[in-house]
Amino acid sequence: MSDTSVNTGPYESEAQFGDFFALLKPRVMTLVVFTAFVGLLAAPVSLHPFVGFCAILFIAVGGGASGALNMWWDRDIDAVMRRTQKRPIPSGRVTSDEALAIGLFLSVLSVVFLGLATNWVAAGLLAFTIFFYVVVYTMWLKRWTPQNIVIGGAAGAFPPMIGWAAATGGISVESVLMFCLTFMWTPPHFWALALFMRKDYDNAGVPMLTVTHGRPATRRHILIYTVLLAVLAIATGFTTLGGPVYMATALVLNALFLKGAVDIWRRDEDMAEADNYAVEKSFFKLSLLYLFAHFGAILVDAALVRLGVWA
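Quick note: the sequence shown uses numbering that gives the first Met the number 0, first residue 0, plus one each step.
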């Protein structure tokens, strides 16, 4: 990271509540909360609703703490990238010291209270997730290797494992499968974004695959990871985590996802620029639906099992 004297924009006005909330990356937190919620409810145990609410609340707070610390460290490149210039720190609405203090405070609070509300296995997983996202991914991988998204994707894949551990006190094959599903989804999701936001990463000097290996290589990698993801997602349907709803969802969405990846692979930059990266943007939007739908299907099947609709 550049030194703390980096100019992140003039201090415009006194920060409002919404500015501090934006530090927590609420859109990212939505995915964290949902996958953790699925992990919690898919677990084969009963949990008191209040304990479950506390678990999801503190997992969400931990995810938000990670976002604040990420923005604190990345304030220099956020000021350069068009996609992130309006974030609270580069826009001058929140100082970097405030972001650091909020991130550290919420990190400790979320881990301690999750441990007290549920168990220390879940709290330990949450602490490791925060550490992995902030230190391993943000401070090291993101600026060092084009595999930043591949390895760093583990941070976003832990929430369902944390939710499962909060309910059961441990780790199982099912929670690992949910981790793997999110982990394998992350590279094609972010590389599609990197294709149509390519100038941002070029300008910021972030070694995304589009910068270090070029866009044709990125298109090939998207296809390869999408094929591997499809195999994993459909195979999951044959485990105890799957069910009829999940299998139907996986078959349809992976067929669509594979088609999108093939379409991206067949394109060159002239074709992409001619239609303003319409195919890449469509694939990116589908990737958001993809993960929510798969985890939603896991949740529905688990609910139907509990209701005795099927074993």
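C-beta atoms are modelled at their ideal positions from N, C-alpha and C, and glycine is treated no differently.
Just so we're clear, the structure is a prediction, and the values are computed from it rather than from any experiment.
Ignore the nearest five residues each way along the sequence and tell me which others in residue i's own chain have a CB closer than 8 Å to its CB.
i, result
"Ser-1", "Residue confidence for Ser-1 is low, a pLDDT of 41 falling below 50, so the modelled location carries little weight; the figure read from the coordinates is stated next. Correct list, in chain order: Asp-75."
"Val-278", "Gly-259, Asp-262, Ile-263, Arg-266, Ala-271"
"Ile-101", "Phe-19, Leu-22, Ala-64, Ala-67"
"Leu-303", "Gly-242, Val-244, Trp-309"
"Ile-150", "Val-135, Tyr-136, Leu-140, Thr-144"
"Gly-17", "none"
"Leu-257", "Thr-225, Val-226, Ala-229"
Applying the 10 Å Cβ sphere with the 16-neighbour rule, what's the burial state of residue i?
i, result
"Asp-73", "buried"
"Gly-236", "buried"
"Val-60", "buried"
"Lys-141", "buried"
"Asp-201", "exposed"
"Asn-275", "exposed"
"Phe-189", "buried"
"Arg-305", "exposed"
"Pro-43", "exposed"
"Leu-227", "exposed"
"Ala-254", "exposed"
"Phe-283", "buried"
If you draw a straight line from the alpha carbon of residue i to that of residue j, how long is it in whole angstroms?
i, j, result
"Pro-25", "Gly-63", "7 Å"
"Arg-214", "Met-207", "10 Å"
"Gly-114", "Glu-268", "50 Å"
"Leu-40", "Ile-58", "14 Å"
"Ala-154", "Met-183", "12 Å"
"Ile-148", "Thr-185", "7 Å"
"Pro-145", "Ile-129", "21 Å"
"Ser-174", "Trp-143", "30 Å"
"Leu-103", "Ala-273", "45 Å"
"Ser-45", "Phe-112", "20 Å"
"Arg-219", "Val-37", "32 Å"
"Ala-296", "Ile-233", "12 Å"
"Gly-169", "Asn-118", "9 Å"
"Ala-166", "Leu-252", "29 Å"
"Phe-294", "Thr-34", "7 Å"
"Met-80", "Ala-203", "6 Å"
"Leu-323", "Lys-280", "The displayed coordinates of the chain run from 0 to 310. Any statement about residue 323 would go beyond what the structure contains."
"Val-172", "Leu-288", "24 Å"
"Phe-86", "Gly-307", "Residue identity differs from the one stated: residue 86 is Arg in this sequence, not Phe. So the alpha carbons of these two residues sit roughly 47 Å apart."
"Leu-250", "Glu-97", "46 Å"
"Pro-48", "Gly-152", "30 Å"
Here's a check: name, in chain order, each residue in its chain whose Cβ is nearer than 6 Å to the Cβ of residue i, leaving out the five neighbours to either side.
i, result
"Arg-82", "Met-196, Asp-199"
"Thr-7", "For Thr-7, the pLDDT reaches just 43, beneath the cut-off of 50, and the residue's location in the model is therefore unreliable, although a value from the coordinates is still provided. Counting only Cβ-Cβ distances below 6 Å, and skipping sequence neighbours, we find Arg-74, Ala-78, Ile-88, Pro-89."
"Tyr-132", "Ser-65, Ala-154"
"Leu-99", "Trp-71"
"Leu-176", "Thr-235, Leu-240"
"Asn-69", "Thr-137"
"Met-28", "Ala-59, Gly-62, Gly-63"
Kindly list the residues whose CB is nearer than 7 Å to the CB of residue i, restricted to its own chain and excluding five residues on each side of it in sequence; keep chain order.
i, result
"Leu-124", "Phe-157, Met-160, Ile-161, Ala-164"
"Ala-126", "Val-110"
"Cys-179", "Leu-231"
"Thr-217", "Trp-190, Ala-193, Leu-194, Leu-208, Thr-209"
"Leu-116", "Going by the sequence as given, residue 116 is Ala instead of Leu. Cβ neighbours of Ala-116 beyond the five flanking positions: Val-50, Cys-53, Ala-54, Phe-57."
"Val-205", "Ile-76, Lys-141, Arg-142"
"Leu-108", "Val-60"
"Met-246", "Gly-236"
Since residue i and residue j are thought to touch, with beta carbons under 8 Å apart, how far apart are those beta carbons, to the nearest angstrom?
i, j, result
"Ala-292", "Thr-248", "5 Å"
"Ala-229", "Ala-121", "The Cβ separation is near 30 Å, so there is no contact."
"Trp-71", "Ser-95", "5 Å"
"Ser-286", "Ala-191", "6 Å"
"Val-93", "Ala-14", "5 Å"
"Pro-187", "Thr-225", "5 Å"
"Leu-30", "Leu-290", "7 Å"
Indicate, with yes or no, if the ligand NAD has a heavy atom lying under 6 Å from the CB of residue i.
i, result
"Gln-15", "Among the components modelled here there is no ligand, and therefore nothing to report on the ligand NAD."
Taking only beta-carbon atoms, is residue i less than 7 Å away from chain B?
i, result
"Thr-248", "The structure shown contains no chain B; it holds only a single protein chain."
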